[in-house]
Structures are given as structure tokens and as C-alpha cells.
Amino acid sequence: MRYCALIIVYCLSGSVYSQINIWESSLHYGKIIPHSSELKPVTEEPLWGLQLDYSRLKLSEKAWDQCNCYAKLGASFTYFNYQNPDQLGSSSNLIFFAEPYLSYKSPLKISMRTGVGFTYLNRLYDENTNPENLFFSSHLSFIMHLGLYGIYSLNDNYALKVGFNYNHISNGGLKQPNKGMNFPTISAGVIYNRSSYKLEAREKNTHLKKKLFYYARLFGTMPEVSNEDVSVNERKLLIGLSGGALFHVTQSNAFNVGVEFTNDESYKRSAELMGEDYDHRVVGLVLGHNFVFGKILFNQQMGWYAYRPFPSTSNSFYQRYELMYKIADKLQAGVGLKSHGHVAENMDLRIGVIF
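All the letters of the sequence shown, read from the start, carry residue numbers 0 to 354 under numbering that gives the first Met the number 0.
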């Protein structure tokens, strides 16, 4: 009986300490980037924010082997006040994130966070009452987040955290105007974990069983029809297909090259309103880099328009960002963002395979 009790205690302690629950709170201070002259009048004041996070850190060897790193997975509630109550107001954000440690062997640790989520905005564009807010036109929008942090352990339970953050808010082109808001912040806060733990030094598995992979994605969204001369309140289907090759140089770093085809019915409708006969299909060639952290993939690509008859932009190049999660052995799902510099064009949902 005594030995059974010892075995039970051992198993329970292993399950408890192989996963650590972590709470964090932070303050933010930052500035909105006015990426066009018409946005400058409403972005003169700095912004501030409050953040509360909950995450789990897995310490097992199996978790380490997924990305040759220790990584936190969690959710963050963040409130940003843009200090322009009449025109920009504030946003309340729920962000789901992954945060791997880039270095972890000393009291001073470095981590990087990628996240995506939803935001509620309390001040919107209105043609009559708020015409200068070209950032937001729908209360519920999307937010993408990147962060780089320094973490200093005070003791077994508390740590200080400072960092640089970059945030992007957009409704994904579902409603116009949609200039999209980009704002960097600096943050400082406190981390608390009830259970003490140690990040054991582990050897990185540099042997890759397979370096070359192929991928295919199906993506779609419902952008609003855009026309400068006619007031339009219509959404049309955008559906696309992309594919290419992915080459791993390490377990967590890979380069990709590919092509994407887009059929955008909103372009077709806009052309009809213009009295033109532009083709609404688009072909792009893309080259990019992937961060791979276990089941999570963050992809950043530069694209070139190989075929784009509809004059939606004067740019020849665009950027594509993806945050994907492996939901099965070869199946992924996530979100994508297409932009021209600081200006977002659309955000989509996507599903894909990798083989």
C-alpha cells in the first residue's frame, strides 16, 4: 500500500510540474503610425494600455522536441486607450498567442511572441459625425501582434518583463474605410507563477528527417465592394488557392517559395460600377520565411503581382502574413493578412495541407 501511494504521488507530481500556469500583467506606452497624411490629425497623442495574460508552459521533453525550445501558449486581454476619445476612442482585445523562449539558461531570458485575435472598437468612422477616423469602420475587427521581451527572474515565483510590441488592427477589408491601425508600444510588467520550476538545459535536435516539404492552401473572405464615385454597401466573395515548396534550414526556420491565385468578386463588381471590363483574377509569386514552433507556424512573405488587370493599387509588390496551427498530421488552419506596406487590404481564413 505504501509503495502504491508513492507511485501515485510521483505520477501526480509529474503531471503537475510538467506544465506550469503563468499569470502576467503589463503596462503599455506607444504611438500610432500615421501611414498617410490624412491620418496625422487624429494620431498626435501617444496611447497607453493595460494587459493581463494567462499561459501554460510545458516542460516535458516531448514539448521541447516540437520546436527545440520551451514555449508558452496562452490568451491575453489587452485594453488600449488612444487618447482621442471623440474620434478613436479605445479598443478591448482578446489575443491568442505562442511565446517561445529564444534564450533560457540564465536569470535573464529572451522570448518572442506571435498572436492573433479579436478587438472591439468603440469609435468608428461616420461620414457626418466622425469623418477623420479612417482606421475603423466596424466595431468587431481583428488584431495581429508581435513582441520581443526580456524577462528577469527575481525568485522562484516572480519575474520582471520588459518588451517591444507591434500591433495591427484591421477588419480584413470587410467594410470600408479600412486603413488599418499600426502601433508599436513598449511594455513593462510582472510575471507570477505559483509553482516554482526550472528550465532544464536540453540538447537541440539538429537532425532533420526531412527538409523539403510542399504546401497548399485554400483561403477566403468577403471584402466590401470599393468605389469612389458610388456609395456601395455590398460584400462579395474572395476565394484563393496558393501552393509551393518549404525548405527547412533548422527545425524552427524555413524558407518558402510559391504562387497564389485569387478570384475576387469585389473587383468584378467594382469594375461594373466603373463601367469597365477588368479581369477580377490575380496571380502572385511569393517568397518568404517561416518560424515553426511545434504546431504553430508564422509565415511572412513578399509577393509580386504577375497578373493583376484590375487597378486596385499602384503597387507591384505586396506582403502576406500567415498564422497557422496544425490541427492534424498534415492539416493546418489559420488566418492570413495581405497588405501594401502599412495599409492592410484584407484578412482571410485559410485551411491547408503540408506534405
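Using N, Cα and C, we set each Cβ at its ideal position, and we do this for glycine too.
query                                                                                                                                                                      : result
Taking buried to mean at least 16 other C-beta atoms within 10 Å of its own C-beta, is Arg349 buried or exposed?                                                           : buried
Assign Ser140 to one of two classes, buried (16 or more other C-beta atoms within 10 Å of its C-beta) or exposed (fewer than that).                                        : buried
Below 8 Å on the Cβ atoms is my contact criterion, and I expect Tyr151 with Gly162 to pass it. Report the Cβ-Cβ distance as a whole number of Å.                           : Rounded, the Cβ-Cβ distance is 12 Å, inconsistent with contact.
Could you pull out every unbroken beta strand (DSSP E) segment of at least 3 residues lying fully inside the stretch 31–80, listed in chain order?                         : 46–57, 70–80
Exposed or buried, Gly293, counting other C-beta atoms within 10 Å across all chains shown (16 or more means buried)?                                                      : buried
Between which residues of its own chain and Leu133 is the CB-CB distance below 7 Å, once the five residues before and five after are set aside?                            : Glu37, Leu38, Tyr124, Pro176, Lys178
For the candidate residues Leu272, Tyr266, Pro84, Val285, whose alpha-carbon lies nearest to that of Asp278?                                                               : Tyr266
Skipping 5 residues on each side, what residues in its chain have a beta carbon closer than 8 Å to that of Asn255?                                                         : Tyr214, Gly243, Ala244, Leu245, Phe246, Val285, Leu286, Gly287, His288, Asn289, Asn298, Gln300
Within the same chain, show all residues whose beta-carbon is closer than 6 Å to that of Lys325, passing over the 5 residues directly before and after it, in chain order. : Lys294, Gln331
Considering Cα atoms alone, identify which of Ala305, Asn166, Asn121 is closest to Ser315.                                                                                 : Ala305
Is DSSP giving Ala187 helix, strand or coil here?                                                                                                                          : strand
In or out: Ile19 buried (at least 16 other Cβ within 10 Å) or exposed?                                                                                                     : buried
If you measure between the beta carbons of Arg307 and Val342, is that distance less than 8 Å?                                                                              : no
Taking the alpha-carbon positions, what's the Asp85 to Gly48 distance?                                                                                                     : 18 Å
Rounded to whole angstroms, how far is the Cβ of Gln250 from the Cβ of Asn92, which I believe are closer than 8 Å?                                                         : About 31 Å separates the two Cβ atoms, so there is no contact after all.
Which same chain residues end up closer than 6 Å to Ile233 when comparing Cβ atoms and leaving out the 5 residues on each side of it in sequence?                          : Just to set this straight, residue 233 is Glu in the shown sequence, not Ile. Excluding positions up to five away in sequence, the list reads Val224.
If you drop the 5 nearest sequence neighbours on each side, which residues of the same chain put their C-beta closer than 8 Å to that of Ser195?                           : Asp155, Asn156
Going by beta carbon distance, what residues of the same chain come within less than 6 Å of Lys30, once the five residues before and after it are set aside?               : Pro45
Assuming contact is defined by CB atoms lying nearer than 8 Å, are Arg193 and Leu145 in contact in what I supplied?                                                        : no
If we count the other Cβ atoms within 10 Å of its Cβ and call it buried at 16 or more, is Arg355 buried or exposed?                                                        : Here the chain comprises residues numbered 0 to 354, so residue 355 is not present and cannot be evaluated.
Rounded to whole angstroms, what is the Cα-Cα separation between Asp347 and Ala253?                                                                                        : 23 Å
In chain order, what residues of the same chain lie with their CB nearer than 6 Å to the CB of Asn170, ignoring the 5 residues before and after it?                        : Ser137, Ser140, Asn177
Where Phe76 and Thr118 are concerned, what is the direct C-alpha to C-alpha distance, given to the nearest angstrom?                                                       : 10 Å
Using the Cα positions of Pro310 and Ser269, report the straight-line distance between them to the nearest angstrom.                                                       : 10 Å
Distance, Cα to Cα, Gly302 vs Leu153?                                                                                                                                      : 45 Å
Pop quiz: Ser24 and Leu51 are said to be a contact at Cβ under 8 Å. What is the actual Cβ separation, rounded to whole angstroms?                                          : 5 Å
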